[in-house]
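Colleague:
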Amino acid sequence: MSQLNGKNAVVTGGNSGIGLAIARRFAAEGADVTITGRRQAALDAAVAEIGGQVTAVQGDVTSEADLDRLAAQIQALHGKLDILVVNSGVAEPAALGEIGPEHFDKTFDINVRAALFTVQKLLPLMADGGAIVLVGSIAGFIGTPNYTVYGASKAAIRSFARTWAKELAPRGIRVNTLSPGPIDTPIFDNATDELRETLGKMIPLGRFGRPEEAAAAALFLASDQSSFVTGAELCVDGGLAQG
Ligand code: NAP
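Numbering follows my numbering, in which position 231 of the sequence shown is assigned residue number 216; successive positions increment by one, without gaps.
#1: Take phenylalanine 126 as the anchor and find which of Gln227, Arg24 and Val(-5) has the nearest alpha-carbon.
#2: Between phenylalanine 102 and glutamate 34, what straight-line distance do the alpha-carbon atoms span, to the nearest angstrom?
#3: Distance, Cα to Cα, glycine 185 vs glutamine 60?
#4: Should the segment 156 to 165 be called in touch with the segment 215 to 223, which here means at least 3 C-beta pairs below 8 Å?
#5: What do you reckon, is the C-beta of proline 130 under 7 Å from a heavy atom of the ligand NAP?
#6: From glycine 114 to isoleucine 158, what distance separates their C-alpha atoms?
#7: Pull up the distance between the alpha-carbon of tyrosine 132 and that of leucine 225, whole angstroms please.
#8: Serine 164 by DSSP, collapsed to three states: which one?
#9: Locate the alpha helix (DSSP H) running through threonine 103, then write down its first and last residues.
#10: Just to confirm, does serine 122 get its C-beta within under 7 Å of one of the non-hydrogen atoms of the ligand NAP?
#11: Is it buried or exposed for arginine 9, if we count other Cβ within 10 angstroms and need 16 for buried?
#12: How about proline 189: is its Cβ closer than 7 Å to a heavy atom in the ligand NAP?
#13: Which residues in the same chain as valine 97 place their Cβ atom closer than 6 Å to its Cβ, once the five residues preceding and following it in sequence are excluded?
#14: List the residues that DSSP assigns as beta-bridge partners of arginine 159.
#15: Decide if aspartate 222 is buried, meaning its Cβ has at least 16 other Cβ atoms within 10 Å, or exposed.
#16: Assign phenylalanine 213 to one of two classes, buried (16 or more other C-beta atoms within 10 Å of its C-beta) or exposed (fewer than that).
#17: For glycine -1 and valine 118, what's the separation of their Cα atoms in angstroms?
#18: Tell me the start and end of each unbroken beta strand (DSSP E) in the segment 24 to 106 that is at least 3 residues and wholly inside, in chain order.
#19: Sort Pro109, Ala124, Ala(-6) and Ala201 by Cα distance to leucine 153 and report the nearest one.
#20: Could you spell out the range, first to last residue, of the beta strand (DSSP E) harbouring threonine 19?
#21: Are the beta-carbon atoms belonging to isoleucine 95 and threonine 47 less than 8 Å from one another?
Have a look at this one:
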């Protein structure tokens, strides 16, 4: 089945974890996919792995010049954009009382500010009827000890989606939030074994999710299968935040 034939998609942070799985799935569904990320080697590996219809544009989402360059490349390559997945993000722990300004600024810079400016820079290229998927987190609406700043950054993402869904509805552009629970990706490389174990035990389905499971939800939100869904939040969390 090819649900995204003829579509152009951008996946930020498409060289790792959830973004890589989304890029792989979108390409398998017939889309031309452009992936971004700072690490060229990881981008090269992703392109080699996915093959054919994937282009990598190296860049930092917090850099206005890099976003301009991304927009120019999409314009030159395709002239339009149908699907934008704002996925790049960081999740670093810091206990209340030990949160420094650098931690706050880095998290909000990448997860919030860059999300806004990525959408704003690429919006002129978005086709009417397009789809924007913002990758949030269940941490945006449940309390997660030591993730004060991360949780707040993802709550901001959820808010963006609600506002933009209304603002872009006249153009038929749908904006939805995909909110994963714990998914096994490199983002957990810095997490303690204790956190992994605690989370694992709390998840009703009894395990971490796989990146491919988040990608399947992203496909739904990006494709015509969700043509009457906008401003919504789809959680892929094994039930963790739903009780
Ligand atoms: P990951 O494997 O660490 O991927 C993070 C991605 O973001 C990488 O591709 C990274 O690429 C990119 N990135 C980070 N900072 C960037 C910057 N300044 N400029 C450009 N790209 C940048 O983690 P993941 O788990 O797949 O996370 C993807 C998204 O899912 C994040 O928004 C995260 O908050 C969200 N999420 C994940 C989970 C989970 O359990 N895994 C749960 C809820 C939400 P470079 O390092 O090459 O720049």
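Don't be surprised by glycine CBs; every beta carbon is placed ideally from N, CA and C.
In this text, all values refer to a predicted model and were calculated from it rather than measured experimentally.
Modeller: This is what the structure holds:
#1: Position 141 of the sequence shown, counted from the start, is the residue given in the question as residue 126. Considering only alpha carbons, the answer is Gln227.
#2: Working through the sequence shown from its first residue, we reach residue 102 at position 117. Working through the sequence shown from its first residue, we reach residue 34 at position 49. Taking the straight line from one Cα to the other gives about 29 Å.
#3: Residue numbering aside, residue 185 sits at position 200 when the sequence shown is read from its first letter. Residue numbering aside, residue 60 sits at position 75 when the sequence shown is read from its first letter. Glycine 185 and glutamine 60: Cα-Cα distance of roughly 43 Å.
#4: With the cut-off at 8 Å, the segment 156 to 165 and the segment 215 to 223 touch.
#5: Taking the sequence shown and counting its residues from 1, the one referred to as residue 130 is at position 145. Incorrect: proline 130 has no Cβ contact closer than 7 Å to the ligand NAP.
#6: Start at 1 with the first residue of the sequence shown, and residue 114 comes out as number 129. Start at 1 with the first residue of the sequence shown, and residue 158 comes out as number 173. Glycine 114 and isoleucine 158 have their C-alpha atoms some 5 Å from each other.
#7: As a working note, residue 132 is residue 147 in the sequence shown. As a working note, residue 225 is residue 240 in the sequence shown. Each residue's alpha carbon lies about 16 Å from the other.
#8: Counted from its first residue, the sequence shown places residue 164 at position 179. Three-state DSSP puts serine 164 in a strand.
#9: To locate residue 103, count along the sequence shown from 1; it is residue 118. That run of the alpha helix (DSSP H) goes 99 to 107.
#10: The residue given as residue 122 occupies position 137 in the sequence shown. Within the cutoff, so yes.
#11: As a working mapping, residue 9 is identified with position 24 in the sequence shown. Classification for arginine 9: buried.
#12: Reading the sequence shown from its first residue, position 204 is the one you call residue 189. No; taking the cut-off as 7 Å, the Cβ of proline 189 has no heavy atom of the ligand NAP nearer than that.
#13: Against the sequence shown, residue 97 aligns to sequence position 112. Correct list, in chain order: Ser138 and Ala141.
#14: In the sequence shown, the residue the question calls residue 159 occupies position 174. Arginine 159 is bridged to Ala116.
#15: By 1-based counting over the sequence shown, the position of residue 222 is 237. Aspartate 222 is buried by the Cβ-count criterion.
#16: If you number the sequence shown from 1, residue 213 lands on position 228. Answer is exposed; the Cβ neighbour count stays below 16.
#17: Residue numbering aside, residue -1 sits at position 14 when the sequence shown is read from its first letter. Residue numbering aside, residue 118 sits at position 133 when the sequence shown is read from its first letter. Distance between the alpha carbons of glycine -1 and valine 118 is about 13 Å.
#18: 39 to 43 and 66 to 71
#19: The sequence position of residue 153 within the sequence shown is 168, counting from 1. Minimum Cα distance to leucine 153 is reached at Pro109.
#20: Residue 19 sits at position 34 when you count from the first residue of the sequence shown. From DSSP, the beta strand (DSSP E) with threonine 19 extends over 17 to 22.
#21: For the purposes of this step, residue 95 is taken as the residue at position 110 of the sequence shown. For the purposes of this step, residue 47 is taken as the residue at position 62 of the sequence shown. Yes, they are a contact pair.
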